[in-house]
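Heads up: the structure comes next, in structure tokens.
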Amino acid sequence: MKFLTSFVITLFGQGVVLVVGFLNAVLITRQVGRASRGEYAMVSFLVMVLGVLFGEGIHRTNIYFTSKDKSQQNVSALFSNAIVLFGVITVVFAGFSLLPDAIFQLILPGIKRLYIQLGILIALFFIFGRMLQGIFLGLQQFWHYNFAYIGPIVLFFFFDVAYFCVMKHLTTTVVLINYSLAMFVIAVMALLVLIKPWHTPLMIRFRPDWNALKLNLNIGGRATIAYLLLFLLARINLYIVNYTQPLEQVGLFAVAANIGSLIQRVPNVTGVVLFPRVSETEGKKQMKLTLKASALAFSIGLFVSAFFLIWGKQIIIFLYKPEFAESYRALVWLLPGIVVLGIAIIFNTSLWGRGFPAVTLWAPFVAVVTNILFCFILIPSHGIVGASQASSISFFLFSLIIATYYFRKHATS
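This is the structure:
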């Protein structure tokens, strides 16, 4: 499948996620208010951290190794190894859910125990889905990938709307239960699509390969650290705001961060399509593909950012109610960093496709440390605006490091 075709299919999927996810976020925010929106944001943060720590490495290695060998034997081994790891993760998460309240409150102060436990359950289903998505991407089965990726968001929205239509209200507990159900249903359906139990013989069989598992864990470890650092670069500010500000401020910053993540969809979808293709190509062709993708991501990101800069406040008031108008000031300071980060994500993804070189680890680490330092300098005096300023500073630093390394590497190769 050509790059443009793959991009259009995946962009359509991301468009569905963008629209449906955004509408669901608006519905939830309007129903639960500032403080509860802050609680929901922190549970979502927990889900993503657990998902990255325990699932992203497997997801990335499944893409990497499947793209290099699409044989039934190799895919069966990768799938089987993922199932073994998922069993271990399930046991670990069961232990997490039984931790005492004191530890939960240390990790996520102010968040109810039930919410944290539901977040752990959601993360478990999320990880399973990411494992399968990695195989679909490596096989370049973009329709199947998009079903597994889009499905939970669409079903989650459907459950929320259905409950709201019947009960005329939503609570954080109901929202999190709906979230977990949606993740579970689509994970099971994606599993059936992959293994195709209606085929004889089975397309995918349970055949663990322990040598391959060791290799997967080695590369997966680097992938996990690289992606975790990139995730923390984008999201650590929300966690720091939760520690230093009231939950109402967390809710306000979450709205700005949510809009920022929408703008990031274009470089994200470009990276999704780019990663398996970069793993297959080398030299000038690889660089040409990366530059084309970065130009596309930058152009669209700049246009969307300009749109929100001009009309963002009116949109926030219209969608989220006037009580969230303060989110606009935080959004304004996020926008410059988001635009340059979009380009850096493309270069970074291209480097990931070459086996996660050291710069994909130390560059985001330096940026995250810078982000944290500026958060503690700026948040006490500027509140959530200071959190946005710290984000943009660190995004610029990360982008500069990655772009410089990328072009120097190609200049010498």
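Under our numbering, the first residue of the sequence shown carries the number 325, and numbering increases by one thereafter.
Glycine included, every Cβ here is placed at the ideal spot set by N, Cα and C.
Report yes or no: do three or more beta-carbon pairs, one from the stretch 631 to 641 and one from the stretch 680 to 695, lie closer than 8 Å?
no
May I have a chain-ordered list of the alpha helix (DSSP H) segments no shorter than 4 residues that lie completely inside the stretch 379 to 444?
Runs of the alpha helix (DSSP H) lying entirely within the stretch 379 to 444 and spanning at least 4 residues, in chain order: 381 to 392, 396 to 421 and 425 to 431.
Look at the Cβ atom of Phe-460, then the Cβ atom of Phe-508, and state whether they are nearer than 9 Å.
Taking the sequence shown and counting its residues from 1, the one referred to as residue 460 is at position 136. Taking the sequence shown and counting its residues from 1, the one referred to as residue 508 is at position 184. Contact flag unset, no.
Under the three-state DSSP convention, the category Phe-346 falls into
Residue mapping note: residue 346 aligns to position 22 of the sequence shown, counting from 1. It is helical.
Residue from Tyr-563, Phe-378, Gly-434 and Lys-392 with nearest C-alpha to Gly-545
Translated into positions along the sequence shown, residue 545 becomes position 221. Comparing Cα positions, the closest option is Phe-378.
Using the C-alpha atoms, what's the distance from Ala-727 back to Arg-384?
Locating residue 384 in the sequence shown gives position 60, where the first residue counts as 1. Locating residue 727 in the sequence shown gives position 403, where the first residue counts as 1. In this structure, the CA atom of Arg-384 is about 22 Å from the CA atom of Ala-727.
So what's Ser-718 in DSSP terms, helix, strand or just coil?
Here residue 718 is taken as the residue at index 394 of the sequence shown, counted from 1. Helix at Ser-718.
Rounded separation between Phe-346 and Arg-358 - CA only
In the sequence shown, residue 346 corresponds to position 22, counting from 1. In the sequence shown, residue 358 corresponds to position 34, counting from 1. The alpha-carbon atoms of Phe-346 and Arg-358 are separated by roughly 17 Å.
What do you get for Gly-411, buried or exposed, if any count of 16 or more other CB atoms within 10 angstroms of its CB means buried?
Taking the sequence shown and counting its residues from 1, one reaches residue 411 at position 87. With fewer than 16 other Cβ atoms within 10 Å, it is exposed.
With a threshold of 16 other CB atoms inside 10 Å of the CB of Leu-697, please say whether the residue is buried or exposed.
Your numbering for residue 697 matches position 373 in the sequence shown. It counts as exposed.
Please state the DSSP three-state secondary structure of Ala-682.
Mapped onto the sequence shown, residue 682 falls at position 358. If DSSP states are grouped into helix, strand and coil, Ala-682 belongs with coil.
Am I right that Glu-363 and Tyr-551 are in contact with their C-beta atoms under 8 Å? What's the rounded C-beta distance?
Position 39 of the sequence shown, counted from the start, is the residue given in the question as residue 363. Position 227 of the sequence shown, counted from the start, is the residue given in the question as residue 551. Contact doesn't hold; Cβ gap of about 25 Å is too wide.
I need the straight-line Cα distance from Arg-589 to Val-408, nearest angstrom please.
Stepping through the sequence shown from its first residue, residue 589 is reached at position 265. Stepping through the sequence shown from its first residue, residue 408 is reached at position 84. If I take the Cα positions, the gap works out to 32 Å.
Going by other Cβ atoms of all chains shown within 10 Å of its Cβ, with 16 needed for buried, is Asn-540 buried or exposed?
Sequence index remark: in the sequence shown, residue 540 carries index 216 (1-based). Under this definition Asn-540 is a buried residue.
Just mark Ala-630 as buried or exposed, buried being the case when its beta carbon has 16 or more other beta carbons within 10 Å.
Looking up residue 630 in the sequence shown gives position 306. Classification of Ala-630: exposed, given that the 10 Å Cβ count is below 16.
Using C-beta distances below 7 Å, list every residue in its chain close to Phe-428, excluding the 5 sequence neighbours before and after it, in chain order.
Locating residue 428 in the sequence shown gives position 104, where the first residue counts as 1. Counting only Cβ-Cβ distances below 7 Å, and skipping sequence neighbours, we find Arg-437 and Ile-440.
With 16 as the cutoff for other CB atoms within 10 Å, does Ser-395 come out buried or exposed?
Residue mapping note: residue 395 aligns to position 71 of the sequence shown, counting from 1. Its Cβ having fewer than 16 others within 10 Å, Ser-395 is exposed.
Give the straight-line distance between the Cα atoms of Pro-704 and Thr-568, rounded to the nearest whole angstrom.
Taking the first residue of the sequence shown as position 1, residue 704 is located at position 380. Taking the first residue of the sequence shown as position 1, residue 568 is located at position 244. Approximately 8 Å, taken between the alpha carbons.
Environment of Cys-699 [buried if 16+ CB atoms lie within 10 Å]:
Sequence index remark: in the sequence shown, residue 699 carries index 375 (1-based). Classification for Cys-699: buried.
Helix or strand or just coil, what does DSSP make of His-493?
In the sequence shown, counting from the first residue as 1, residue 493 sits at position 169. In this structure, His-493 counts as coil in the three-state DSSP scheme.
Using a 10 Å radius around the Cβ and a threshold of 16 neighbouring Cβ atoms, would you call Phe-480 buried or exposed?
The residue labelled residue 480 in the question sits at position 156 within the sequence shown. Phe-480 is buried by the Cβ-count criterion.
Determine the contact status of Ile-670 and Ser-718, defining contact as a CB-CB distance below 9 Å.
Within the sequence shown, numbered from 1, the residue matching residue 670 stands at position 346. Within the sequence shown, numbered from 1, the residue matching residue 718 stands at position 394. No. Outside cutoff.
Hey, would you say Ala-426 sits closer than 9 Å to Ala-536, going by beta carbons?
Sequence index remark: in the sequence shown, residue 426 carries index 102 (1-based). Sequence index remark: in the sequence shown, residue 536 carries index 212 (1-based). No, the Cβ-Cβ distance between Ala-426 and Ala-536 is not below 9 Å.
Top-ranked residue by Cα proximity to Ala-506, from Ile-662, Leu-658 and Leu-445
Walking along the sequence shown from the start, residue 506 turns up at place 182. If we check each option's Cα against that of Ala-506, Leu-445 comes out closest.
Helix, strand or coil: which one does DSSP assign to Ala-649?
Indexing the sequence shown from 1 puts residue 649 at position 325. Looking at Ala-649 - three-state DSSP - the assignment turns out to be coil, as it is neither helix nor strand.
Where Pro-570 falls: helix, strand or coil (DSSP):
Here residue 570 refers to the residue found at position 246 when the sequence shown is read from its first residue. Coil.
Please check the pair Pro-532 and Asn-386, which I expect to be a contact at CB under 8 Å, by giving their CB distance rounded to whole angstroms.
For the purposes of this step, residue 532 is taken as the residue at position 208 of the sequence shown. For the purposes of this step, residue 386 is taken as the residue at position 62 of the sequence shown. With 8 Å as the limit, Pro-532 and Asn-386 do not qualify as a contact, their Cβ atoms being about 14 Å apart.
Give the C-beta separation of Asn-566 and Ala-711 to the nearest angstrom, bearing in mind that I take them to be a contact with Cβ-Cβ under 8 Å.
For this step, residue 566 is matched to residue 242 along the sequence shown. For this step, residue 711 is matched to residue 387 along the sequence shown. The beta carbons of Asn-566 and Ala-711 sit about 11 Å from each other, so the pair does not count as a contact at 8 Å.
Going by C-alpha to C-alpha distance, which of Gly-707, Val-663, Gly-584 and Leu-655 sits closest to Ala-621?
As a first step, residue 621 is located in the sequence shown; it is residue number 297 there, counting from the start. When only C-alpha atoms are compared, the closest one is Val-663.
Report all residues from its chain with a CB closer than 6 Å to the CB of Phe-420; omit the five preceding and five following residues, and keep chain order.
Residue numbering aside, residue 420 sits at position 96 when the sequence shown is read from its first letter. Excluding positions up to five away in sequence, the list reads Ile-444.
What separation, rounded to the nearest whole angstrom, lies between the Cα atoms of Phe-466 and Ile-701?
Residue mapping note: residue 466 aligns to position 142 of the sequence shown, counting from 1. Residue mapping note: residue 701 aligns to position 377 of the sequence shown, counting from 1. Going by the C-alpha atoms only, they are around 44 Å apart.
What do you reckon, are the CB atoms on Leu-456 and Thr-390 nearer than 9 Å?
For the purposes of this step, residue 456 is identified with residue 132 of the sequence shown, where counting begins at 1. For the purposes of this step, residue 390 is identified with residue 66 of the sequence shown, where counting begins at 1. Cβ distance not < 9 Å, so Leu-456 and Thr-390 don't count as in contact.
Is any non-hydrogen atom of the ligand SAM found closer than 8 Å to the C-beta of Lys-637, if you look at the structure I gave you?
No copy of the ligand SAM appears in this structure; indeed no ligand is present at all.
Close beta carbons around Gly-661, own chain, < 7 Å, minus the five adjacent residues each side
Working through the sequence shown from its first residue, we reach residue 661 at position 337. Here Gly-661 has Ser-715, Ser-716, Phe-719 and Phe-720 as same chain residues with Cβ atoms under 7 Å from its own Cβ, once five neighbours each way along the sequence are excluded.
Pairwise C-alpha distance: Leu-374 and Val-709
Taking the sequence shown and counting its residues from 1, one reaches residue 709 at position 385. Taking the sequence shown and counting its residues from 1, one reaches residue 374 at position 50. The alpha-carbon atoms of Val-709 and Leu-374 are separated by roughly 27 Å.
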